[in-house]
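K.L.:
Numbering (full-length UniProt numbering), first residue to last: 1 to 235.
Beta carbons: idealized from backbone N, C-alpha and C, even for Gly.
Quick caveat: nothing in here was measured; it's all calculated off a predicted structure.
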Amino acid sequence: MVRFEKVCKRFGDTVVLDRLDLDVEAGRHVTLIGPSGSGKTTILRLLMTLTQPDEGRILIDGAPLDARARKTIGMVFQQFNLFPHMRVLRNVTEAPVHVLGMDKDEAAERAKGLLEMVGLGDKLDARPSQLSGGQQQRVAIARALAMRPRVLLLDEVTSALDPELVAGVLDVLRDIARGTDITMVCVTHEMNFARDISDLVVMFDGGRVVESGPPEALFHSPRHERTREFLSAVR
Ligand code: ADP
Numbered sequence: 001m002v003r004f005e006k007v008c009k010r011f012g013d014t015v016v017l018d019r020l021d022l023d024v025e026a027g028r029h030v031t032l033i034g035p036s037g038s039g040k041t042t043i044l045r046l047l048m049t050l051t052q053p054d055e056g057r058i059l060i061d062g063a064p065l066d067a068r069a070r071k072t073i074g075m076v077f078q079q080f081n082l083f084p085h086m087r088v089l090r091n092v093t094e095a096p097v098h099v100l101g102m103d104k105d106e107a108a109e110r111a112k113g114l115l116e117m118v119g120l121g122d123k124l125d126a127r128p129s130q131l132s133g134g135q136q137q138r139v140a141i142a143r144a145l146a147m148r149p150r151v152l153l154l155d156e157v158t159s160a161l162d163p164e165l166v167a168g169v170l171d172v173l174r175d176i177a178r179g180t181d182i183t184m185v186c187v188t189h190e191m192n193f194a195r196d197i198s199d200l201v202v203m204f205d206g207g208r209v210v211e212s213g214p215p216e217a218l219f220h221s222p223r224h225e226r227t228r229e230f231l232s233a234v235r
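Structure (structure tokens):
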């Protein structure tokens with residue numbers, strides 16, 4: 001469903017992605033791991049068209065990633081990025097109404113259902129500042145899902161949270177992973193998160209894929225020295 005073909009990305013003299021090939025099949029939950037600076041976030045930003053490849057192609061369902069395909073991709077950021085002046089419900093209805101042209105009542109009904117699903121059915125009228133970080137992140141997840149994405153990108157979504165709030169967000173993501181056919185691409189430094197949520201883990205270094213496999217296999221018997229080093233450093 002998502003394909004990177006020989007994608008190169010440089011910032012000045014820094015080669016961030018070096019002829020990267022990557023395939024994510026529809027419905028898969030893929031986690032990208034690797035050292036800081038290895039280009040993981042750049043991959044998500046390329047999919048969001050926040051930055052462009054220098055060379056190579058990115059395909060969605062076999063067609064070049066364009067503005068239309070981009071609308072099928074949603075993202076949740078490390079820092080929530082909620083609209084601070086809008087109440088919770090409006091945060092979730094804003095883009096469906098103004099970007100997709102959805103009817104306001106329909107958008108509100110859907111938003112309520114999604115907020116219920118992430119455990120915030122009683123916070124529709126709250127302002128983001130009245131919520132904990134974990135609650136804000138759950139609003140951000142509902143907001144991303146309100147756009148009915150086929151691909152959901154998660155960039156370090158638990159790393160700005162106090163430890164006791166991480167589990168609630170992970171529970172929500174696990175439910176989404178199990179209960180929907182949405183394709184997920186996650187970046188995380190939390191190996192428990194990767195193990196919980198993904199059916200494929202991809203290890204990156206130097207702008208290339210070092211190895212990939214199901215979490216049990218990759219974590220327990222990595223084939224490459226670079227993966228072993230990385231895993232022992234983060235665990
Ligand atoms: P990761 O997510 O694996 O930590 P990133 O994709 O964030 O890695 O960054 C990869 C490299 O690209 C880093 O060296 C980073 O400094 C550089 N980089 C990322 N974005 C920019 C940018 N907008 N301008 C210059 N350098 C950038």
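#1: Would you say the beta carbon of T51 is closer than 8 Å to some non-hydrogen atom of the ligand ADP?
#2: Can you tell me which of the three DSSP states M48 falls into?
#3: Hey, would you say the C-beta of R226 is under 8 Å away from at least one heavy atom of the ligand ADP?
#4: What is the DSSP secondary structure of L32, reduced to helix, strand or coil?
#5: Along the alpha helix (DSSP H) that carries E190, what are the first and last residues, could you check?
#6: Mind listing which residues have their beta carbon within less than 5 Å of any non-hydrogen atom of the ligand ADP? Chain order is fine.
#7: Which residue or residues does DSSP assign as beta-bridge partners of K9?
#8: Are T183 and M1 touching if we call contact CB-CB under 9 Å?
#9: Would DSSP call T183 helix, strand or coil?
#10: Which residues in the same chain have their Cβ closer than 8 Å to the Cβ of G121, if we skip the five residues on either side of it in sequence?
#11: Who are the near neighbours of T14 in its chain, counting only those whose CB is closer than 6 Å to its CB and skipping five residues on each side?
#12: Tell me, please, which residues DSSP counts as bridged to L59.
#13: With a threshold of 16 other CB atoms inside 10 Å of the CB of V234, please say whether the residue is buried or exposed.
#14: Can you find at least 3 beta carbon pairs, one from the stretch 51-59 and one from the stretch 102-110, that sit closer than 8 Å?
#15: Out of V187, I33, N81 and V7, point me to the one whose CA is closest to L44's CA.
#16: Strictly by DSSP, which residues pair up with M75?
#17: Does the stretch 26-46 come into contact with the stretch 187-207, if we say contact requires no fewer than three beta-carbon pairs (one atom in each stretch) closer than 8 Å?
#18: Less than 9 Å between the beta carbons of residue 236 and V172, yes or no?
#19: Any idea if H29 is buried or exposed, counting beta-carbon neighbours within 10 angstroms, 16 or more meaning buried?
#20: Please state if the CB of A126 and the CB of V87 are separated by a distance shorter than 9 Å.
#21: Tell me, to the nearest whole angstrom, how far the beta carbon of R10 is from that of D54; I am working on the premise that it is less than 8 Å.
#22: Counting C-beta neighbours from all protein chains within 10 Å, is the total for F83 16 or more, i.e. buried, or is it exposed?
#23: Just to confirm my understanding: we take D199, look at its own chain, exclude 5 residues before and 5 after, and list those with CB closer than 8 Å. What are they?
P.N.:
Once the coordinates are examined:
#1: yes
#2: coil
#3: no
#4: Strand.
#5: Element bounds for E190: n/a, residue is neither H nor E.
#6: F11, V16, S36, G37, S38, G39, K40, T41 and T42
#7: Bridge partners of K9: L17.
#8: yes
#9: strand
#10: K112 and L115
#11: In its own chain, leaving out the 5 sequence neighbours on each side, no residue places its CB closer than 6 Å to the CB of T14.
#12: R3 and P64
#13: exposed
#14: The stretch 51-59 vs the stretch 102-110: no contact.
#15: Per the C-alpha coordinates, the member of V187, I33, N81 and V7 positioned closest to L44 is V187.
#16: L153
#17: Using a Cβ-Cβ distance cut-off of 8 Å, the stretch 26-46 and the stretch 187-207 are in contact, since at least three pairs of beta carbons, one from each stretch, lie closer than that value.
#18: Because the chain in this structure spans residues 1 to 235, residue 236 falls outside the shown range and cannot be described.
#19: buried
#20: Checking the displayed sequence, the identity of residue 87 turns out to be Arg instead of Val. R87 is a Cβ neighbour of A126, given a cutoff of 9 Å.
#21: 6 Å
#22: exposed
#23: R28, H29, V30, P214 and P215
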